[in-house]
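In the numbering used here, the protein residues as written are 0 to 354.
Backbone N, C-alpha and C fix where the C-beta goes; we use that ideal spot for every residue, glycine too.
Notes to accompany the following structure.
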């Protein structure tokens, strides 16, 4: 079998598509099977933006994640006759040395944890949970503010050894809490913005630092994994019994190497509705790592066809009913004098569950 059987599709007008990670158009090249036996999913490929995105999901990784697919590979001779079933195409060559993982200065994290008054995601979450809880949440997860896009959010990826692996910069709408994707997708990386040369990014789970250090006492708590960083923050507000982590995208850091930090843990996956089947297959890689690993289908059982089509996640369901803080904000918007009354009397919002 040729070592070039699986390769990136040769360029032709219209062949490049939208990157599943950064969302930019005409920058993603898919892998193809030279023999035409396998049609890879749309996410198997490589983004052109190596420094600012770095997404690269290879056929080898795809076969490792989907062992039932690789078992169907058939090798044929020059006349088209079946020779044998092939587990993986192998190339006898010296392994290339892996570049050393690059890290960002830890003081950049601390420097970014200010000016939350201009951070749209922070402002949105204060309307959901109040300033005190949002401050605690941003401090807990080490979420920062960027100068880009009028205060975009910085989601720092800090590993269990307290190394800063990356900083993803994302723009949000302060009113809706939704990502800003028009007129362009507001997403970038700190190392790209700072123009760091030869930066070798190796992503880890967002919130991974919560598994060690001063948080080590939480080792008995179940780890819950979602796709987006914002979803992890919102879920942590509503369901604090779990340690909520995020992969940073459907495939971001969802690979065997990154998941080793979950060894011996009890883990529950909460995929977005459109990713349920894919994450169920990926759960298998966790069986030999985790004490227990399951993929929740709770959202699938609850969702309507429209919600599935929209690809809602657990945060969307948690926010379907207004919180007490959200109700208060709406009351103040209708009658601004209410805020003056609250300030003068030193009133505080009390959760009905605490009464």
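Beta strand (DSSP E) containing residue i: first to last residue?
{"i": "residue 232", "result": "Looking at the DSSP string, residue 232 is not in any beta strand (DSSP E); the run it does join, the alpha helix (DSSP H), is 228–237."}
{"i": "residue 266", "result": "265–268"}
{"i": "residue 6", "result": "5–7"}
{"i": "residue 136", "result": "It is not in any beta strand (DSSP E) - residue 136 instead sits in the alpha helix (DSSP H) that spans 130–140."}
{"i": "residue 244", "result": "242–245"}
{"i": "residue 359", "result": "Because the chain spans 0 through 354 in this model, residue 359 falls outside it and cannot be assessed."}
{"i": "residue 224", "result": "222–225"}
Measuring alpha carbon to alpha carbon, tell me which of the options ends up nearest residue i.
{"i": "residue 355", "options": "203, 47, 234 and 269", "result": "A question about residue 355 goes unanswered here, because the residues of the chain that appear run from 0 up to 354."}
{"i": "residue 381", "options": "6, 262 and 170", "result": "The requested residue 381 does not occur in the structure, where the chain is confined to residues 0 to 354."}
{"i": "residue 194", "options": "30, 7, 49 and 4", "result": "49"}
{"i": "residue 54", "options": "164, 145, 189 and 201", "result": "201"}
{"i": "residue 291", "options": "220, 234 and 239", "result": "220"}
{"i": "residue 41", "options": "52, 56, 34 and 35", "result": "56"}
{"i": "residue 198", "options": "279, 100 and 38", "result": "100"}
{"i": "residue 289", "options": "222, 164 and 129", "result": "222"}
{"i": "residue 191", "options": "127, 147, 298 and 310", "result": "147"}
{"i": "residue 237", "options": "66, 320 and 174", "result": "320"}
{"i": "residue 312", "options": "128, 298 and 186", "result": "298"}
{"i": "residue 66", "options": "17, 172, 282 and 171", "result": "282"}
{"i": "residue 108", "options": "27, 157, 116 and 119", "result": "157"}
{"i": "residue 301", "options": "316, 284, 276 and 125", "result": "316"}
{"i": "residue 256", "options": "63, 34 and 39", "result": "63"}
{"i": "residue 265", "options": "35, 224, 104 and 271", "result": "224"}
{"i": "residue 27", "options": "10, 5 and 33", "result": "10"}
{"i": "residue 138", "options": "272, 110 and 186", "result": "110"}
{"i": "residue 296", "options": "267, 187 and 119", "result": "267"}
{"i": "residue 34", "options": "305, 205, 141 and 5", "result": "5"}
{"i": "residue 121", "options": "21, 22 and 229", "result": "229"}
With which residues is residue i paired in a DSSP beta bridge?
{"i": "residue 307", "result": "DSSP lists no partner for residue 307."}
{"i": "residue 156", "result": "165"}
{"i": "residue 44", "result": "29 and 56"}
{"i": "residue 294", "result": "268"}
{"i": "residue 39", "result": "Bridge partners of residue 39: none, in fact."}
{"i": "residue 16", "result": "27"}
{"i": "residue 178", "result": "171"}
{"i": "residue 144", "result": "152"}
{"i": "residue 205", "result": "245"}
If you count every other CB in all the chains shown that lies within 10 Å of the CB of residue i, and 16 or more means buried, which is it?
{"i": "residue 245", "result": "buried"}
{"i": "residue 143", "result": "buried"}
{"i": "residue 250", "result": "buried"}
{"i": "residue 19", "result": "buried"}
{"i": "residue 106", "result": "exposed"}
{"i": "residue 169", "result": "buried"}
{"i": "residue 149", "result": "exposed"}
{"i": "residue 258", "result": "buried"}
{"i": "residue 114", "result": "exposed"}
{"i": "residue 286", "result": "exposed"}
{"i": "residue 314", "result": "buried"}
{"i": "residue 177", "result": "exposed"}
{"i": "residue 372", "result": "Since the first residue of the chain shown is 0 and the last is 354, residue 372 is not available in this structure."}
{"i": "residue 30", "result": "buried"}
{"i": "residue 303", "result": "exposed"}
{"i": "residue 227", "result": "buried"}
{"i": "residue 83", "result": "Only weak support exists for where residue 83 lies, its pLDDT of 49 falling under 50; the coordinates are left without a value."}
{"i": "residue 239", "result": "exposed"}
{"i": "residue 86", "result": "Reliability fails at residue 86, whose pLDDT of 45 lies under 50, so the model's placement of it is uncertain and the value that follows must be treated cautiously. Label assigned to residue 86: exposed."}
{"i": "residue 59", "result": "exposed"}
{"i": "residue 104", "result": "exposed"}
{"i": "residue 160", "result": "exposed"}
{"i": "residue 116", "result": "exposed"}
{"i": "residue 152", "result": "buried"}
{"i": "residue 3", "result": "exposed"}
{"i": "residue 45", "result": "buried"}
{"i": "residue 13", "result": "exposed"}
{"i": "residue 174", "result": "exposed"}
In the DSSP assignment, find the alpha helix (DSSP H) that holds residue i and state where it starts and stops.
{"i": "residue 275", "result": "275–281"}
{"i": "residue 107", "result": "105–111"}
{"i": "residue 315", "result": "313–317"}
I want to know whether the segment 180–188 touches the segment 232–248 - three or more CB-CB distances under 8 Å. no
Count Cβ pairs between the segment 118–136 and the segment 157–168 that sit closer than 8 Å; are there 3 or more? no
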